[in-house]
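Student: Take this structure first; my questions come after.
2 protein chains.
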Amino acid sequence: MQNTKEAEKARTVKVGLIGLGTVGGGTLQLLAQNGRLIADRGFALHVKRVCNLDVPYTEAKIAELGLTDTTATSDFHDLVDDPEIEVIIELIGGIHPALEMVQAALRAGKSVVTANKDLVASHGAELFKLAEEQQADFLFEASVAGGIPILKALKDSLAANNIVEIMGVVNGTTNYILSQMSSTGADFQPCLQRAQELGYAEANPTNDIEGFDAARKMAILASIAYNTNITEDMVYVEGITKISKFDIDYAAQLGYVIKLVGLARPQGDEAAEVCVYPLMIPASHPLAAVNDVFNAVFVEGDALGQSMFYGRGAGSLPTASAVVGDVIAAARHVVNGTRGSYGLRQFASRRVLPIGDCFNKFYIRLMVQDKPKVLAQIAEAFADSEISLDSVIQKRVMDSGLAEIVLITHQVREANLQEAMGRLHRLACVDCVASMIRVKGE
Amino acid sequence: MQNTKEAEKARTVKVGLIGLGTVGGGTLQLLAQNGRLIADRGFALHVKRVCNLDVPYTEAKIAELGLTDTTATSDFHDLVDDPEIEVIIELIGGIHPALEMVQAALRAGKSVVTANKDLVASHGAELFKLAEEQQADFLFEASVAGGIPILKALKDSLAANNIVEIMGVVNGTTNYILSQMSSTGADFQPCLQRAQELGYAEANPTNDIEGFDAARKMAILASIAYNTNITEDMVYVEGITKISKFDIDYAAQLGYVIKLVGLARPQGDEAAEVCVYPLMIPASHPLAAVNDVFNAVFVEGDALGQSMFYGRGAGSLPTASAVVGDVIAAARHVVNGTRGSYGLRQFASRRVLPIGDCFNKFYIRLMVQDKPKVLAQIAEAFADSEISLDSVIQKRVMDSGLAEIVLITHQVREANLQEAMGRLHRLACVDCVASMIRVKGE
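Chains as they are written, first to last, in my numbering: chain X, 13 to 454; chain Z, 13 to 454.
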């Protein structure tokens, strides 16, 4: 057996970095700041080249961090073509040209580390395959829940478990907005605005508030947990724009907290449920206490039982923590000659269950005419779709003369619920279905 | 480069198991139950021999689990001397003869996986050294917080971080008792009894309730986080036997929850604080919501920021989840020819700070004579030890004619606090110091 310890000590692994935005800047800073500690824990990492369009800015940053043996370039070929560079970090985000860069790096025989969830959630399978052909590593811990080491936990530490359920609060922006709505009693819009002022939400917040960002992360999580290939377009998504302060308030009265949750569950050996939607979670559930911009992934394994991984899902240094953790792993594999042995291998083929075939409890808030027999008509509409009600919670008459009814159903097939909604809409006594939110069962 | 994937596929790694108690039984069950899934995720594990004193029981268990190619023995040499067995799992617990068995296994060139916290917390350093000499793995994820993959996270995923603080709720028994006291208002003794009835506490509960079990886990956590050698005898320990329902109640009124917490913090480059004691934690802190027998380890890294790892800290299958996770890692290293490259290498030498040199806020509950000027005398005793008070919370007169005073200090050096306690004891107006509990600062 090779004396790997001696080999590691003798080696410095040379790294190339593409992108010097928030996460790229944090990664370069972390490698500079904790370089000595990282070397003490294994072997030295040396960032040989940083590729970024703005070369003078890059050079200034390199100087500011006191890196004396790092050069700047605006051409990524300078990294890909450099035979000394063995690991390339891609942190420019988005699909193009990141995809082409990652492909070029892998084809050149480099291992690649990325934080790019868009890329992994859409082109993961082909990149895993390419990495495997090249016997290179393709690592992307930072693409899901920032600094939280959930992918490595699923791949390694929990490898003896059948994963029964994953529930993730994996988008900090929406979690901040919902936490604010909950703590201040304000409605969605002012809380979104506050998130934008604080830099937690972008000027165009669609990706976050409509759940698309969370859907990408759930596609990646489900692919890893179930050894299958799930892309973002397969994930059913509902965002949080329709959640009103009234719903937050009713939820609290009922002992629930509303979170934007990503859910992944296997259904038999050949299917899986993978969705993102607002969910009422019992206040005693560990995820209910995950507030503000924090993320958490709740995992239930058949052996492990319930577990949760909590931390910062975004930000420069928290994300850099995951990126550099992957770089250390990739570098160790380079030195040990074991690259490409930690990736996804045998893909199980799983179809994603249509949302209509999923089962949930539902909270439904209706505005109805304040007349006799209205409740009986509504109950009948549900009964006709074979839905039984757990409780009818409240009824208050509004200034408009309409009454508000809040119901919680028992576990129902979503298709049946949609049918019942159709029936309700056709009832003259029903003004509108104001809200419909899934409820986490026991 | 070797084609590791092909090598793994072609290989079945043969494993020996010592011990068939709660965790040993769970481990054998998990390997049988999820063997196919584990093979799909990498390569097959085959338990060739199980060593346990009661051979007929072992044979019955093997048959019950449908294992056809596993034999029983009562002599561990049958495992150590078998050249086909490459990984040995030690699950008998305690120091002797586990130490001798682990040493023999490592000397025979086997990798060893254990859940034995007593062994690692007392003889870790010599076993790491022996494993390193033998280029073998010595893995012990299950020794801390059961199924929660905290050691691997610290070693791998968080390897780019300086760990600023670790706070662990790492003993399920005491967490159950304190949770019960908090939710029912009962005192310590009845809650301990309830824990014993449920099998959460042993007939002799000393190890748990006096904090010794938690101290072992913190010695291991601190050793890994700070790359140093900290043994259980270096850890300052206070248990929970003196916590009364009055303290739980005052804590709640003040917005705190009392938990038995293990704490590890580096102090400069050469020292560390490693202790176990009851701590008042703000109710909004993620650890405050960790209830019943659940464990959690809260980790703050300089890059990652705050994170938390939550799950079951004990039990047959949750602990087996960590054991088998380690066996998979050890087997992968066997197949890849990279054994011994994941252990602790460069030990930094750190002394553990004496408790007198640590700083904390304190909650102090005093029983005093209900006379004029008593508060002035008490305040003076604190001032004489250079301790300033954050707040004087309450004063109620008891049936005995004594008054109760609850104070919270500002951050103080513990030696100064001890001095002030001496002064208080000498005051005629002070009947007793009923409680003294550290308070987590902001």
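The beta carbon of each residue, even a glycine, is placed where N, CA and C say it ideally should be. Since we're looking at a predicted model, the values are computed, not measured.
Going along chain Z, which residues have a C-beta under 9 Å from residue 12 of chain X?
Tutor: Residue 12 of chain X is absent from the model: chain X starts at 13 and stops at 454.
Student: Considering only the beta carbon of each residue, do residue 36 of chain Z and residue 43 of chain Z sit closer than 8 Å?
Tutor: Cβ distance not < 8 Å, so residue 36 of chain Z and residue 43 of chain Z don't count as in contact.
Student: With the cut-off set at 8 Å, would you say residue 236 of chain X and residue 163 of chain X are in Cβ contact?
Tutor: A contact, by the Cβ cut-off of 8 Å.
Student: Could you check whether residue 378 of chain Z and residue 335 of chain Z sit closer than 8 Å to each other, using their CB atoms as the reference points?
Tutor: Result no, Cβ atoms of residue 335 of chain Z and residue 378 of chain Z do not sit closer than 8 Å.
Student: Any beta carbon from chain X within less than 8 Å of residue 343 of chain Z's own beta carbon?
Tutor: By this cut-off, residue 343 of chain Z is not an interface position.
Student: Considering only the alpha carbon of each residue, which of X:134, X:259, X:260, X:194 lies closest to residue 224 of chain X?
Tutor: When only C-alpha atoms are compared, the closest one is X:134.
Student: Report the partner residues of residue 279 of chain X according to the DSSP bridge assignment.
Tutor: X:283.
Student: Listing by chain order, which chain X residues have their CB less than 8 Å from the CB of residue 332 of chain Z?
Tutor: Those within 8 Å of residue 332 of chain Z in chain X are 172, 315.
Student: In chain order, what residues of the same chain have a beta carbon less than 8 Å from the beta carbon of residue 399 of chain Z, not counting five sequence neighbours either side?
Tutor: Result list for residue 399 of chain Z: 421, 422, 424, 428, 429, 432, in chain order.
Student: Is it buried or exposed for residue 404 of chain Z, if we count other Cβ within 10 angstroms and need 16 for buried?
Tutor: By the neighbour-count rule (16 or more Cβ atoms within 10 Å), residue 404 of chain Z is not buried but exposed.
Student: Would you say the segment 329 to 346 of chain Z touches the segment 113 to 129 of chain Z, given that touching needs at least three Cβ pairs under 8 Å?
Tutor: Yes, they touch.
Student: If we count Cβ pairs, one from each stretch, closer than 8 Å, do we get three or more for the segment 209 to 224 of chain Z versus the segment 314 to 321 of chain Z?
Tutor: Judged by Cβ distances under 8 Å, the segment 209 to 224 of chain Z makes no contact with the segment 314 to 321 of chain Z, as fewer than three pairs qualify.
Student: Measure the CB-CB distance between residue 346 of chain X and residue 62 of chain X and report whether it falls below 8 Å.
Tutor: Not a contact, by the Cβ cut-off of 8 Å.
Student: Could you name the residues of the same chain whose beta carbon sits closer than 6 Å to that of residue 31 of chain X, not counting the 5 residues immediately before and after it, in chain order?
Tutor: Once the five neighbours on either side are set aside, the close Cβ partners of residue 31 of chain X are 103, 104.
Student: Would you report the Cα separation of residue 307 of chain Z and residue 419 of chain X, rounded to the nearest angstrom?
Tutor: Cα to Cα, residue 307 of chain Z sits roughly 36 Å from residue 419 of chain X.
Student: Among residues of its own chain, excluding the 5 on either side of residue 88 of chain X, which ones have a beta-carbon nearer than 6 Å to its beta-carbon?
Tutor: Excluding positions up to five away in sequence, the list reads 30, 63, 113.
Student: Taking only runs that begin and end inside the segment 189 to 221 of chain Z, name each unbroken beta strand (DSSP E) of 3 or more residues, in chain order.
Tutor: Counting only runs of 3 or more, we get nothing.
Student: Put residue 452 of chain X into one of helix, strand or coil per three-state DSSP.
Tutor: If DSSP states are grouped into helix, strand and coil, residue 452 of chain X belongs with coil.
Student: Among X:375, X:253, X:368, X:54, which has the Cα closest to the Cα of residue 11 of chain X?
Tutor: Residue 11 of chain X lies beyond the stretch modelled for chain X, which goes from 13 to 454, so this question has no answer here.
Student: Pull up the CB-CB distance for residue 298 of chain X and residue 301 of chain Z, whole angstroms please, since I reckon it's below 8 Å.
Tutor: So it is a contact: roughly 6 Å between Cβ atoms.
Student: Return the bridge partner residues of residue 379 of chain Z from the DSSP annotation.
Tutor: The partner list for residue 379 of chain Z (beta bridge, DSSP) reads Z:416, Z:444.
Student: With 8 Å as the limit, tell me which residues of the segment 130 to 164 of chain Z have their beta carbon closer than that to any beta carbon of chain X; keep them in chain order.
Tutor: Of all residues in the segment 130 to 164 of chain Z, 144, 147, 153, 159, 160, 161, 164 have a Cβ within less than 8 Å of some Cβ in chain X.
Student: With DSSP collapsed to three states, give me the class of residue 389 of chain Z.
Tutor: Helix.
Student: Can you tell me which of the three DSSP states residue 3 of chain Z falls into?
Tutor: Within the shown structure, residues of chain Z are numbered from 13 to 454, placing residue 3 of chain Z beyond reach of any answer.
Student: What are the partner residues of residue 289 of chain Z, as DSSP defines its beta bridges?
Tutor: According to DSSP, which records beta bridges pairwise, residue 289 of chain Z is partnered with Z:273.
Student: The alpha helix (DSSP H) spanning residue 429 of chain Z covers which residue range?
Tutor: Here the alpha helix (DSSP H) through residue 429 of chain Z covers 426 to 438.
Student: State yes or no: is the beta carbon of residue 31 of chain Z nearer than 8 Å to at least one beta carbon in chain X?
Tutor: No, no contact with chain X.
Student: Among residues of its own chain, excluding the 5 on either side of residue 85 of chain Z, which ones have a beta-carbon nearer than 6 Å to its beta-carbon?
Tutor: Answer for residue 85 of chain Z: 61, 63, listed in chain order.
Student: Name the chain X residues that come within less than 7 Å of residue 168 of chain Z, Cβ to Cβ?
Tutor: Ordered by position in chain X, the residues that pass the 7 Å Cβ test against residue 168 of chain Z are 164, 337, 341.
Student: Counting C-beta neighbours from all protein chains within 10 Å, is the total for residue 16 of chain X 16 or more, i.e. buried, or is it exposed?
Tutor: Bear in mind that the predicted position of residue 16 of chain X carries a pLDDT of just 48, short of 50, making it unreliable; the figure below should be weighed with that in mind. Buried: at least 16 other Cβ atoms inside 10 Å.
Student: Check whether the Cβ of residue 298 of chain Z lies closer than 8 Å to any Cβ atom in chain X.
Tutor: Yes, residue 298 of chain Z counts as interfacial toward chain X.
Student: Give the secondary structure of residue 355 of chain Z by DSSP, where H, G and I count as helix, E and B as strand, and everything else as coil.
Tutor: With a pLDDT of only 49 at residue 355 of chain Z, under 50, the local geometry of the prediction cannot be trusted, and the value read off the model is given with reservation. Coil, per DSSP.
Student: What does residue 301 of chain X touch in chain Z if you count any residue whose Cβ is under 7 Å from its own?
Tutor: Within chain Z, the residues near residue 301 of chain X are 298, 301.
Student: Going by the beta-carbon positions, is the gap between residue 261 of chain Z and residue 270 of chain Z smaller than 8 Å?
Tutor: Result no, Cβ atoms of residue 261 of chain Z and residue 270 of chain Z do not sit closer than 8 Å.
Student: Please list the partners that residue 50 of chain Z has in chain X, where partner means a Cβ-to-Cβ separation under 7 Å.
Tutor: Near residue 50 of chain Z (Cβ distances below 7 Å), the residues of chain X are 171, 172.
Student: Which complete beta strand (DSSP E) runs does the segment 80 to 136 of chain Z hold, if anything under 3 residues is left out?
Tutor: With a minimum length of 3 residues, the continuous beta strand (DSSP E) runs that stay inside the segment 80 to 136 of chain Z are 83 to 85, 97 to 102, 123 to 126.
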